[in-house]
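Quick note, the sequence shown lines up with residues 30 to 140 if you use our numbering. For glycine and all other residues, C-beta sits at the position ideal for the given N, C-alpha and C. No experiment lies behind these values; they were computed from the predicted model shown. Everything on this sheet refers to the single structure shown next.
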Amino acid sequence: MPQLVFLPHQELCPDGAVLEAEVGETILNVALRNGIHIEHACEKSCACTTCHVVVREGFNQLEESDELEDDMLDKAWGLEPESRLSCQAKVVDCDMVIDIPKYTVNMVSEG
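Next comes the structure, spelled out in structure tokens:
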């Protein structure tokens with residue numbers, strides 16, 4: 030089983046986390062199932078950027094993003110070359126290191 034290493038995030042997982050994942054599930058679903066409440070204002074429909082993450086390790090093994098995801102990512106705060114929407118990026122058979130950005134484009138968090 031691949032492991033997702035979530036780097037420490039001041040609010041969502043202050044100590045970081047190492048999580049087991051199933052191949053084919055989204056990064057967001059792995060996080061949510063394990064108590065890391067990454068914002069997802071559009072309910073995982075690829076219609077916002079609140080679930081933006083940066084895949085620090087394992088990015089090149091992911092399936093390529095599609096045009097809709099790329100268009101949404103253009104609106105993300107703190108966009109990097111390894112940025113993905115966690116609701117769209119599916120776990121592959123390799124370990125990954127995930128960085129959750131400190132900010133989203135939302136002024137107010139749903140939580």
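For the 8 angstroms CB-CB criterion, residue 91 and residue 82 do not form a contact.
Fewer than three Cβ pairs drawn from the region 101-111 and the region 44-58 lie within less than 8 angstroms of each other, which leaves the two stretches out of contact. A residue is called buried when at least 16 other Cβ atoms come within 10 angstroms of its Cβ; residue 123 does not meet this threshold and is exposed. Comparing C-alpha distances from residue 86 to each of 72, 112, 44 and 51 shows the shortest one belongs to 112.
In this structure, the beta-carbon distance from residue 49 to residue 120 does not fall below 8 angstroms. Secondary structure note for residue 30: it is in no alpha helix (DSSP H), with a DSSP letter that is neither H nor E.
Under DSSP, residue 119 forms a beta bridge with 55.
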